[in-house]
Structures are given as C-alpha cells and as structure tokens.
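Down below is the structure, laid out as structure tokens.
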Amino acid sequence: MASTTHSEFGAHTEAVEVAKAFSDRIQGKTILITGVNRGGIGFATAHAFVTHIILAGRSPSKANESIDELKTEFPNVDYRFLEVDLSSQDSVRNAANEVLSWSNIPMIDLIINSAGIMAVQERTLSKDGIELHLATNHIGHWLLSCLIMPTLIKAASGKPKGSVRIVNVTSKSPTVSSMRWSDMNFNKKNKDLPQEEQPNYELFKLWGYKNSEETAYVPLDGYNRSKVANVLFGIEANKRLFEKYGILTLACHPGVIMTTELARNFPKETLGAVKELGSTGFYTHKSLGAGASTSLVAALDPKLANGVGETCDGSENYGSFLADCQISTEAKPLAVSSSEAEKLWKFSEKVTGETFSWLKSFFFRTNCITLAITGIRAWVRRGLAGDPKVVSSPTLRERHELAWLTLLLMGKEKDDTDSPRYGSLIEQFMNFCEKHHIPGPWHLRHRNSKNIARDILGEIPWDLITLTLSFDVVSARYPAGGLSNVLTKPPQFHLRSPPESRRSPTESAGPPLWELDDAGNLEALLSISLLSMLAPDSQTWRTRTSHAPWRVIGHNTTAEAEEKIAQFKKWLTYPANQAELNIADLVVESGLASSVEEANLLIIPAFLHDDILEES
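The sequence shown runs contiguously to residue 615 in numbering that gives the first Met the number 0.
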C-alpha cells in the first residue's frame, strides 16, 4: 500500500525541508518544470530542486528573470528555457520537438506540470476549440508529457519503479468537482446537466457567484473541471506506464497561496470571498515554499511507488492524490475513478488527434533499429546465399528505403546529430516514406508519429549498422575466408579489381569490384555496405564511389574497428550460406527476446514490413 516516508510533514512544511530529506534522490536528475515565473509554485519548486532544470513557460523574459534569480543563489546549476504556450497544441508540439532534438539531454527524470490558469472571467475557447482552462491546465500538459515520453522511458530503464515521475499540480478541486462530459465547452445551463455532473452550487455562493444554476459558464467551474483532469491523467498514465516502464504519475494539491499570479483574473469580490473563506478555516493559506513542498514529496518519496492503483476503504487509486505532503482520501469518487480516467484519456486523444501507445523501452533506443535491420539483413542474406558472386536486386520499394537510409548515414556528422544537414535528411526521409507509403524502420503500426520517428532516427547507430551489413556482404561474396580474416586479424583492407575468375558472368572486365586484402584500411569494408545492396551492377558501384558512407563515419582505426567487431561477433558468424532464415531466430540470437515465441510477439505488432516477414 502506498504511503509516505515522513508522516511528520504537513501543511506548513517548506519545500527546502523536503528537498533536504530526499537529497539523495535529487542529485543528477534532469527535471522539466512548467510555470516558472517568479513568485509561482513552479519557481519555488525549481528553487528547492537545485539540479539540471528545464524551465518551460510562455514568456522568455519572465523565464529569464527566474533563471537569473536562481543563478544568483545557485550559479553551478544548469538551467535551460523551453518556450511553450500550453493552450496551443501547435506550440506544445513545437516544444516537444525541441526537447526531442536535444542530443545533450537524452533523458528527463521528472516532469512537474505546475503551470496553470484560473478564473478566466468570460467563457473562452482555445484556438483548438477547447475551453481554455481545460486546454491549458490539462490538454497542454498531457500532450507535452506524452510527446516527450521517450525521454522518460530512457531515464526509467534499469531503475527501480517509481524513480522517474510525472507530477501534476492540481488543487482542492478534486474534493468538490468531477468532469463535465455532456458539455465540455460549457454551452448548457448548469441546471440542464445530468445529476452526476451538477456543480457544487453552495461552493459557488461562498466564492461570490450567484444564480449559477441558470448560468452555463462559471469561471471557478471551468478551473475545477480542469484540475480534476490532472488527477485522472495520472491514474490512466499509471495504468499504461507504471508496470511496463516504472514511470509513476501523481497529482498534488499545493494549498492556497494568495501571492501567486494564479489569482490575477479574480474580480475584487471574489478575492474578498476567498480571503473570508480562509479566515473560517475552509482554506489554509500557505507560504510559497509550503505550497511547493507537496510537489517535492510527490516527486521524490520512494514509498509512494508501493501499491500503485490499489483500492483502500472502497476508494479507487489510493495514493494518486496528495495534499499537505501526505496521501489524501478527500477526493470525490469520480475524481479518482479508473473508468473516468480512461474516458479522459480517450477524450484527450480525440481532441489532439494523437494516439499514444508506447512499446517496450528498447524500441526507443538502439535495439529498436536493430530489430528493423534484422529484417533487412534477412532478405539481403537470402539473396546472397543463392550465389556468393552476385548480390540479388532488392525490390524497388526496398531499394528506395535503403537509398534514404544511406543518405541519412552520409548526412550524419560524427558527434553532431544536430547538424542542419542531418535534420534536413531526416525530414526528407520521413516525407519520402510517407509520400510513397513506405514504412521505414521507424514506423510503428499503431503509432505513426513523426515525433517518435525523429526520436528513433536520432539514435540510430549508423556506424555499427554499416559495419554489420558490410560483413554480411563480405561473408557471402567471399566465403572462403574473408569473414574469418576479419575476425582473427587486424581489420585492414584494400581495394582492387578481382581476377577474371572471380567475376560474375554478367560483369564487364573494366570496372573494379570490392575485395578484401591484407593491406589498406577499414574504409574499404565500410564502403561495401549499402552500396552492395543498392547497386548490384558494377557500373553503378563505380559511379557512386565518391558517395561511400564511410566518408563520414570516422571509425577508421584498428582499435575502433575491433571494438565494433566484438560487439557484433555473434551476428557475423551466422551461416552466410543458409538459404532459409528466420527473423525470430535472429531476434533471439541478438538478445532482444528470450524465445522465438516472444520474438514473434515483438515482431508482428512492431514495424517490420509484411513482405519481409513473408519472404523470410
């Protein structure tokens, strides 16, 4: 059962106290915090963490003010600004793309969704057609978190469950409100809503809103519904992410802090009513640091990862909602309902046009591409096995795809995956595949997103792939010792024209072919790779010599080559003359699956081509 480590923490515990108690769980983390204007909860949270922080917000000037103040006190902390307007899905997507493009920040350990708006006086729709509170407070955070989820999945790999988290800063709203499913944009009068969706009219009166039964939109109601969504988001996220990846999502109520900008839209009479409620004990007014403390508990306390989603005393999802640094059981049943959470997730997918379904974490790292390359290698080897002197031509579709993979390889500068040329080629590759209906190795059947495509393509180990494919061609074309020489001697090679006895009957005497020798360098081996498959006729080989992939690889020393060879030795020794190959066997051999059955479960729903599966 979920619990907290420090039962003594409470309403007036300061964020720095929590940070000190869990200091060992802060070090080395990369944290993204939204809503970081000075004087806000997000800023107070960033102040307490003092680690590698990404500050996300609408205003660069206000964010820079926060950064300058933080740097004054903590000059050695690494801060980065991410511009995002959470009310705009386009802005959120642009921000997510920026995060995924950061080669020096491949992982994010913690997202704290702290930004928010409150009490927009007139019913307002975002430019995406969603009521503004919900668009900003929920949809924007949900979309951003989901789009950059690969960075959290990477961070969570190999760590104890619950080490990587998403914290949604909500409010007291889950204790007094629920979702408004029949009228999400507040078009109907409140009295016409189903009974279970009726708002708390007594609360409205206390806040100074009169005759709200006859009103369609009450500013407090718009805010309340969006903050219930913060809790439901976390519940469904845990269902989808906790068991599979160990990523924990929680919601926390910071308390009432009258000094933040959140209340900037309140009319005078509302501010007066809130202050009066505080004097009666209905709300506990807190300092900014005390308001941020529950966020830190939600982010750091290891005991909160125990028993995620359990029912306690009839209440669903115990532990998903915190207040005053402890687990709260005061939320309304509908605000912590699993069925309501699933409904909200589907609604969020519908209004954004996004359907998120994350595969196992290795699909977002090197092994993702390794599995796709397994399929490519299967048909390459199949063709090579027929006649070691002739490389069979791939289909037009396969030739197109490999041509673009080659372009990507050529465009990647060593240690510079952010180069404009590389980025441009990624876009060209994805656009080309989309235009010609070619499912590239980044393609996920049930999640064909360019954001995920970019994430995967950005991590392809092109040098290893090139070398591996080279060995396939070499071992098949020269089975009488070429491969064994590679494995047992320093990888030094030479280019020369083969003797007439080694030529294919269809080859002319003039153009040279590639051949291994005991002199030369690794460049020859690398240059065999994709060229061999793309251009089985020697004339085309000759014309493409100047574009060989090895020109931008950089792995041209014996030590580097031997290191790569060692990594791929298992695959390199796979029988080159075996005509019938099974992709599942190769997946098991590579260590991606423990059995053929498991391999088939991974392959079939993933991203390999139907024709590869059929041929192999």
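C-beta atoms are modelled at their ideal positions from N, C-alpha and C, and glycine is treated no differently.
The model shown is predicted, which means the values in this text are computed figures rather than measured ones.
Taking the C-alpha atoms as reference points, what is the distance between residue i and residue j?
| i | j | result |
| --- | --- | --- |
| D77 | I52 | 6 angstroms |
| L249 | R239 | 14 angstroms |
| S273 | Y216 | The sequence given here has Val at residue 273, not Ser. Each residue's Cα considered, the two are about 19 angstroms apart. |
| E7 | N305 | 19 angstroms |
| Y208 | F281 | 17 angstroms |
| H140 | D312 | 31 angstroms |
| L31 | T351 | 22 angstroms |
| T269 | E275 | 10 angstroms |
| S86 | G157 | 35 angstroms |
| I455 | H11 | The pLDDT assigned to I455 is 43, lower than 50, so where the model puts this residue is not dependable, and the model offers no usable value. |
| Q194 | S225 | 19 angstroms |
| T369 | S90 | Low confidence applies to T369: its pLDDT is 40, below 50, so where it sits in the model is not reliable enough to give any reading. |
| E201 | K243 | 43 angstroms |
| R541 | W101 | For R541, the predicted model reports a pLDDT of 37, less than 50, meaning its position is unreliable; a value from the coordinates is still stated below. Cα-Cα distance, rounded: 38 angstroms. |
| L124 | I25 | 38 angstroms |
| K267 | D220 | 18 angstroms |
| G308 | V296 | 18 angstroms |
| F241 | G161 | 8 angstroms |
| E16 | G233 | 25 angstroms |
| I110 | W180 | 27 angstroms |
| G27 | I165 | 17 angstroms |
| S144 | E72 | 29 angstroms |
| A55 | A298 | 17 angstroms |
| E121 | G9 | 36 angstroms |
| D462 | I246 | Confidence at D462 is low in this model, with a pLDDT of 42, below 50, so the placement of that residue should be treated as unreliable; the coordinate-derived value is given next. Approximately 32 angstroms between the Cα atoms of the pair. |
| A322 | H137 | 19 angstroms |
| P173 | S594 | 46 angstroms |
| F355 | L343 | 14 angstroms |
Can you tell me where the alpha helix (DSSP H) with residue i in it begins and where it stops?
| i | result |
| --- | --- |
| R224 | 218-244 |
| V91 | 88-100 |
| L276 | 267-279 |
| I40 | 40-48 |
| S69 | For the record, residue 69 in the displayed sequence is Leu; it is not Ser. 59-72 is the extent of the alpha helix (DSSP H) around L69. |
| I152 | 148-155 |
| L303 | First-last for L303: undefined, no H or E at that position. |
| L205 | 200-205 |
| K19 | 14-20 |
Is it the case that the CB of residue i approaches a heavy atom of the ligand ZN more closely than 7 angstroms?
| i | result |
| --- | --- |
| K19 | The ligand ZN is absent from the structure shown, which contains no ligand whatsoever. |
Count the other CB atoms, across all protein chains shown, that sit within 10 Å of the CB of residue i; report buried if there are 16 or more and exposed otherwise.
| i | result |
| --- | --- |
| V472 | Residue confidence for V472 is low, a pLDDT of 45 falling below 50, so the modelled location carries little weight and cannot support an answer. |
| D84 | buried |
| L515 | Summary for L515: the model assigns pLDDT 34, below 50, so the residue's position carries little reliability, and this model does not support an answer. |
| P332 | exposed |
| M117 | buried |
| M148 | buried |
| E97 | exposed |
| H435 | Note that H435 scores a pLDDT of 44, beneath 50, so its modelled location is shaky; the value from the coordinates is reported in the next line. Classification of H435: exposed, given that the 10 Å Cβ count is below 16. |
| G128 | exposed |
| T373 | The predicted position of T373 is uncertain, since its pLDDT is 44 and thus under 50; no value can be drawn from it. |
| D23 | exposed |
| P74 | exposed |
| K190 | exposed |
| T279 | exposed |
| E235 | buried |
Sort the options by Cα distance to residue i and report the nearest one.
| i | options | result |
| --- | --- | --- |
| I104 | S125, R79, E121, I111 | R79 |
| A228 | G277, N112, S286 | N112 |
| E13 | G254, E341, F355 | G254 |
| P36 | S327, K61, P74 | Correcting the residue type first, residue 36 is Asn in the shown sequence and not Pro. Closest by alpha carbon: K61. |
| S211 | Y222, P198, N223 | P198 |
| V335 | A20, S172, S319 | S319 |
| E213 | N186, D67, T293 | N186 |
| I256 | M0, S292, F232, A134 | S292 |
| F21 | T4, S181, G34, T33 | T4 |
| D108 | V163, G245, T135 | V163 |
| M106 | W180, E82, K153, D323 | K153 |
| V168 | G41, S2, G271 | G41 |
| S314 | D300, S294, S337 | S337 |
| G277 | T354, V230, W206 | W206 |
| R92 | E68, L142, A45, S65 | L142 |
Kindly indicate the opening and closing residues of the beta strand (DSSP E) around residue i.
| i | result |
| --- | --- |
| T33 | 29-33 |
| V163 | 163-168 |
| L192 | Premise fails: L192 is in no beta strand (DSSP E) and is neither H nor E. |
| L109 | 109-112 |
In this structure, what does DSSP give as the bridge partners for residue i?
| i | result |
| --- | --- |
| R79 | I53 |
| A322 | H252, Q325 |
| S314 | C311 |
| E130 | L124 |
Would you say residue i reaches chain C, if we count a Cβ-Cβ gap shorter than 8 angstroms as a contact?
| i | result |
| --- | --- |
| I246 | Judged by its chain identifiers, the structure shown contains no chain C, having just a single protein chain. |
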